[in-house]
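Each residue of the sequence shown is one higher than the one before, starting from 1 at the first, in full-length UniProt numbering. Ideal Cβ placement from N, Cα and C applies to all residues, glycine included. Keep in mind it's a predicted model, so treat the numbers as computed, not measured. Note sheet for the following structure.
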Amino acid sequence: MLHRRQIIIRSRNLGKKMENSLATRSRNKFWFVFFVLFVSWYLLLYGVDWSSLPGIVTTTSRYEASSIESIRLASIPPPTRLVENNVSSNFNSSSINNATTDATKKETRSEEESINENDNVVHDLEALEKELEPLLRKNERKDEKFEKNATQEDKKGGKSCEGRYIYVAEIPSRFNEDMLKHCNLLNKWEDMCQYLVNMGLGPDLGNPQRVFSNKGWFTTNQFSLEVLFHNRMKQYDCLTNDSSKAAAVFVPYYAGFDVSRYLWDDFNTSMRDSGATEVAKILKEKPEWETMWGRDHFMIAGRITWDFRRGIEEDSAWGNKLMLLPEAQNMTILTIESSPWNRNDFAIPYPTYFHPSSDNDVLQWQNRMRRLRRRVLFSFAGAPRPNLEESIRSEIMEQCLATRRKCRLLECKDLHNKCNKPVHVMKLFQSSHFCLQPSGDSFTRRSTFDSILAGCIPVFFTPGSAYIQYIWHLPKDYTKYSVLIPEDDVRKKKVSIENVLSKIPRSQVAAMREEVIKLIPNVVYADPRSRLESVEDAFDLAVKGVLERVDVMRKEMRQGKNYSMVFDEEYSWKYYTFGTIEKHEWDHYFLRTSKEKY
Numbered sequence: 001m002l003h004r005r006q007i008i009i010r011s012r013n014l015g016k017k018m019e020n021s022l023a024t025r026s027r028n029k030f031w032f033v034f035f036v037l038f039v040s041w042y043l044l045l046y047g048v049d050w051s052s053l054p055g056i057v058t059t060t061s062r063y064e065a066s067s068i069e070s071i072r073l074a075s076i077p078p079p080t081r082l083v084e085n086n087v088s089s090n091f092n093s094s095s096i097n098n099a100t101t102d103a104t105k106k107e108t109r110s111e112e113e114s115i116n117e118n119d120n121v122v123h124d125l126e127a128l129e130k131e132l133e134p135l136l137r138k139n140e141r142k143d144e145k146f147e148k149n150a151t152q153e154d155k156k157g158g159k160s161c162e163g164r165y166i167y168v169a170e171i172p173s174r175f176n177e178d179m180l181k182h183c184n185l186l187n188k189w190e191d192m193c194q195y196l197v198n199m200g201l202g203p204d205l206g207n208p209q210r211v212f213s214n215k216g217w218f219t220t221n222q223f224s225l226e227v228l229f230h231n232r233m234k235q236y237d238c239l240t241n242d243s244s245k246a247a248a249v250f251v252p253y254y255a256g257f258d259v260s261r262y263l264w265d266d267f268n269t270s271m272r273d274s275g276a277t278e279v280a281k282i283l284k285e286k287p288e289w290e291t292m293w294g295r296d297h298f299m300i301a302g303r304i305t306w307d308f309r310r311g312i313e314e315d316s317a318w319g320n321k322l323m324l325l326p327e328a329q330n331m332t333i334l335t336i337e338s339s340p341w342n343r344n345d346f347a348i349p350y351p352t353y354f355h356p357s358s359d360n361d362v363l364q365w366q367n368r369m370r371r372l373r374r375r376v377l378f379s380f381a382g383a384p385r386p387n388l389e390e391s392i393r394s395e396i397m398e399q400c401l402a403t404r405r406k407c408r409l410l411e412c413k414d415l416h417n418k419c420n421k422p423v424h425v426m427k428l429f430q431s432s433h434f435c436l437q438p439s440g441d442s443f444t445r446r447s448t449f450d451s452i453l454a455g456c457i458p459v460f461f462t463p464g465s466a467y468i469q470y471i472w473h474l475p476k477d478y479t480k481y482s483v484l485i486p487e488d489d490v491r492k493k494k495v496s497i498e499n500v501l502s503k504i505p506r507s508q509v510a511a512m513r514e515e516v517i518k519l520i521p522n523v524v525y526a527d528p529r530s531r532l533e534s535v536e537d538a539f540d541l542a543v544k545g546v547l548e549r550v551d552v553m554r555k556e557m558r559q560g561k562n563y564s565m566v567f568d569e570e571y572s573w574k575y576y577t578f579g580t581i582e583k584h585e586w587d588h589y590f591l592r593t594s595k596e597k598y
């Protein structure tokens with residue numbers, strides 16, 4: 001009996017020992033696996049140089065925890081980096097083995113079990129790597145392609161300013177920003193101070209009657225281009241303080257504001273010319289002038305060219321003589337309207353009311369103009385010019401009134417009329433298929449760019465209103481985006497505007513409107529407080545045009561050519577538009593009878 005009891009007790013003790021042994025072995029195995037996984041995770045996190053990777057291959061967390069070697073395969077493989085990764089892998093394997101040995105001693109596991117356990121882990125890793133190999137190779141090729149593209153972008157970025165550097169000439173502030181401190185004196189008929197807020201954009205328009213988009217619209221004055229352009233130039237990405245590196249030199253002279261102070265009162269010619277002549281003298285004395293004798297210099301004159309081309313020394317004559325100065329004739333002068341018969345001024349778009357701050361602002365507006373339903377065949381916003389014998393505006397207004405169902409007229413009678421309110425002008429143009437753009441006091445109109453902004457096809461009556469003006473901003477093939485009706489035919493009542501426009505097929509009208517909408521970025525000036533990423537605006541195209549022109553002149557000077565002898569200046573319009581001075585069907589539009597008038 002006693003013997004049986006001893007056997008039972010021993011068997012119970014043996015059972016407990018076996019249970020304890022099994023529990024200990026299970027617990028040891030659990031802690032070993034946990035320890036191996038922890039060490040692997042730690043080495044993956046801190047042992048691998050993740051900063052060398054342009055992108056991390058995304059797999060499941062199980063793969064990331066299990067495969068140290070997969071990190072090497074997913075990396076971009078420059079030769080030196082491969083060596084580093086191999087060393088890292090060897091180090092990681094060694095660390096795991098060392099950790100396994102330490103764990104074996106501490107947990108009193110047999111050497112055979114430890115080896116078998118490690119073999120299982122290694123086999124698992126190898127199997128996992130084979131399973132992931134196709135995916136890793138695919139991602140490796142993607143990473144190599146990414147690295148190649150990134151390298152090309154870096155190279156492009158490193159050379160992006162080559163041939164594009166601009167140096168801003170230093171002139172006294174009285175010729176630019178000091179004028180703005182006395183903005184109430186800039187125009188006799190209107191207080192310009194209100195238009196100079198927001199870096200020259202003018203007051204925020206908001207979105208009255210939901211005619212505009214929610215942002216980017218301002219009450220911009222048509223003569224504010226000098227301030228707007230200067231503020232954009234301050235944000236130009238390739239400015240340089242070294243004039244010897246510059247492809248061109250920008251002169252921040254507010255020529256339009258300067259002359260506008262003296263246009264309507266009894267100021268003599270000396271007063272009107274004083275600012276221009278002093279700026280010319282300052283520029284001529286600077287060392288950068290001698291590089292190309294001013295031919296690499298350019299500036300903005302934010303009024304029409306005729307305000308700067310006074311050909312006679314009489315106090316009763318209009319404007320100053322800025323563009324007739326020898327120094328200015330070497331420079332490139334950007335205006336809102338250029339002379340067809342002179343070679344040194346080039347027209348760039350009038351400022352519109354829209355100044356986008358992002359690419360998306362432009363794209364959203366374009367898409368909105370595409371969706372509009374236009375119920376009016378053609379429209380006209382303007383006033384007659386009874387004092388101008390050659391003006392056809394009265395005839396145009398008569399034709400519009402005679403076809404009220406197909407034409408809408410917004411008559412501009414005085415300073416308080418609806419034409420001075422952007423909401424009325426833009427609303428009219430957005431409802432129209434065609435917008436009439438006859439000449440007024442001069443060849444061009446701001447309304448041309450308002451109509452393009454509204455997706456309305458412009459109708460011109462002389463090529464001098466756009467085609468030979470904005471050669472950097474509008475397509476050479478004018479038939480794709482506009483209609484030309486000869487002004488002589490309108491004047492002599494030989495043509496019906498309604499008949500001409502009604503005969504254009506709907507499909508062609510749709511195609512022309514699409515071309516107009518595509519032109520919107522070309523004719524708007526982005527907000528100077530922001531920067532467009534991929535869209536080129538009117539500023540970008542103007543700068544590009546200047547740089548190309550200066551580059552041509554620089555090459556000619558190196559070849560010993562005299563640029564001023566290339567063509568007769570009287571045919572500038574023809575040479576710049578078509579590259580030739582041969583006889584052209586438009587010649588009769590540009591026969592000038594008086595050089596004093598133009």
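Nonlocal neighbours in the same chain, by C-beta distance under 6 Å from residue i, ignoring five residues either side
{"i": "residue 214", "result": "207"}
{"i": "residue 456", "result": "429, 432 and 435"}
{"i": "residue 403", "result": "498"}
{"i": "residue 365", "result": "213"}
{"i": "residue 230", "result": "252"}
Between the CA atoms of residue j and residue i - distance to the nearest angstrom
{"i": "residue 271", "j": "residue 277", "result": "10 Å"}
{"i": "residue 361", "j": "residue 371", "result": "16 Å"}
{"i": "residue 353", "j": "residue 338", "result": "22 Å"}
{"i": "residue 267", "j": "residue 315", "result": "7 Å"}
{"i": "residue 388", "j": "residue 592", "result": "16 Å"}
{"i": "residue 639", "j": "residue 202", "result": "Because the chain is modelled from 1 through 598, residue 639 falls outside the range shown and cannot be assessed."}
{"i": "residue 184", "j": "residue 586", "result": "43 Å"}
{"i": "residue 536", "j": "residue 521", "result": "7 Å"}
{"i": "residue 341", "j": "residue 296", "result": "21 Å"}
{"i": "residue 226", "j": "residue 555", "result": "29 Å"}
{"i": "residue 298", "j": "residue 251", "result": "6 Å"}
{"i": "residue 528", "j": "residue 442", "result": "29 Å"}
{"i": "residue 158", "j": "residue 228", "result": "For residue 158, the predicted structure reports a pLDDT of 45, less than 50, and the residue's modelled location is therefore unreliable. The matter cannot be settled from this model."}
Nearest neighbour of residue i, chosen from the options [CA to CA]
{"i": "residue 169", "options": "477, 369 and 246", "result": "246"}
{"i": "residue 291", "options": "551, 427 and 216", "result": "551"}
{"i": "residue 599", "options": "391, 294, 182 and 259", "result": "Since the first residue of the chain shown is 1 and the last is 598, residue 599 is not available in this structure."}
{"i": "residue 193", "options": "163, 205, 165 and 224", "result": "224"}
{"i": "residue 504", "options": "526, 525, 516 and 479", "result": "479"}
{"i": "residue 574", "options": "373, 249, 526 and 463", "result": "463"}
{"i": "residue 321", "options": "196, 256 and 507", "result": "256"}
{"i": "residue 259", "options": "219, 222, 318 and 210", "result": "318"}
{"i": "residue 240", "options": "165, 300 and 248", "result": "165"}
{"i": "residue 413", "options": "383, 424, 427 and 425", "result": "383"}
{"i": "residue 249", "options": "424, 163 and 363", "result": "163"}
Check whether residue i and residue j have beta carbons under 9 Å apart
{"i": "residue 609", "j": "residue 468", "result": "This structure gives no information on residue 609, because the portion of the chain shown stretches from 1 to 598."}
{"i": "residue 445", "j": "residue 589", "result": "no"}
{"i": "residue 629", "j": "residue 419", "result": "It is not possible to answer for residue 629, since the shown part of the chain is limited to 1 through 598."}
{"i": "residue 254", "j": "residue 199", "result": "no"}
{"i": "residue 495", "j": "residue 489", "result": "yes"}
{"i": "residue 269", "j": "residue 310", "result": "yes"}
{"i": "residue 280", "j": "residue 313", "result": "no"}
{"i": "residue 618", "j": "residue 379", "result": "It is not possible to answer for residue 618, since the shown part of the chain is limited to 1 through 598."}
{"i": "residue 485", "j": "residue 509", "result": "no"}
{"i": "residue 244", "j": "residue 285", "result": "no"}
{"i": "residue 439", "j": "residue 487", "result": "yes"}
{"i": "residue 532", "j": "residue 538", "result": "no"}
{"i": "residue 406", "j": "residue 502", "result": "yes"}
{"i": "residue 524", "j": "residue 481", "result": "no"}
{"i": "residue 606", "j": "residue 261", "result": "With the chain covering 1 to 598 only, the question about residue 606 has no answer from this structure."}
Residues of its chain near residue i, where Cβ-Cβ distance is below 7 Å and the 5 sequence neighbours each way are ignored
{"i": "residue 534", "result": "359"}
{"i": "residue 398", "result": "none"}
{"i": "residue 541", "result": "472, 473 and 522"}
{"i": "residue 305", "result": "323, 335, 337, 338, 339 and 345"}
Close-in-space but distant-in-sequence residues of the same chain around residue i (CB under 8 Å, 5 per side omitted)
{"i": "residue 217", "result": "204, 205, 206, 207, 353, 354, 355 and 422"}
{"i": "residue 373", "result": "none"}
{"i": "residue 602", "result": "Coverage of the chain is limited to positions 1 through 598, which leaves residue 602 absent and any answer about it impossible."}
{"i": "residue 264", "result": "188 and 189"}
At 4 residues or longer, what runs of the alpha helix (DSSP H) sit wholly inside the region 162-198?
177-181
Uninterrupted alpha helix (DSSP H) stretches inside the region 357-407 (no shorter than 4 residues)
359-371 and 393-402
What are the start and end residues of each continuous beta strand (DSSP E) run of 3 or more residues lying completely inside the region 453-495, in chain order?
Those beta strand (DSSP E) runs which fall completely within the region 453-495 and span 3+ residues are 457-460.
Continuous alpha helix (DSSP H) assignments of at least 4 residues falling wholly in the region 213-277
List check, alpha helix (DSSP H) in window: 225-234 and 255-260.
Return the chain-ordered ranges of every beta strand (DSSP E) run that is complete within the region 290-350 and spans a minimum of 3 residues.
If we require 3 residues or more, the beta strand (DSSP E) runs fully inside the region 290-350 come out as 297-304, 332-337 and 345-347.
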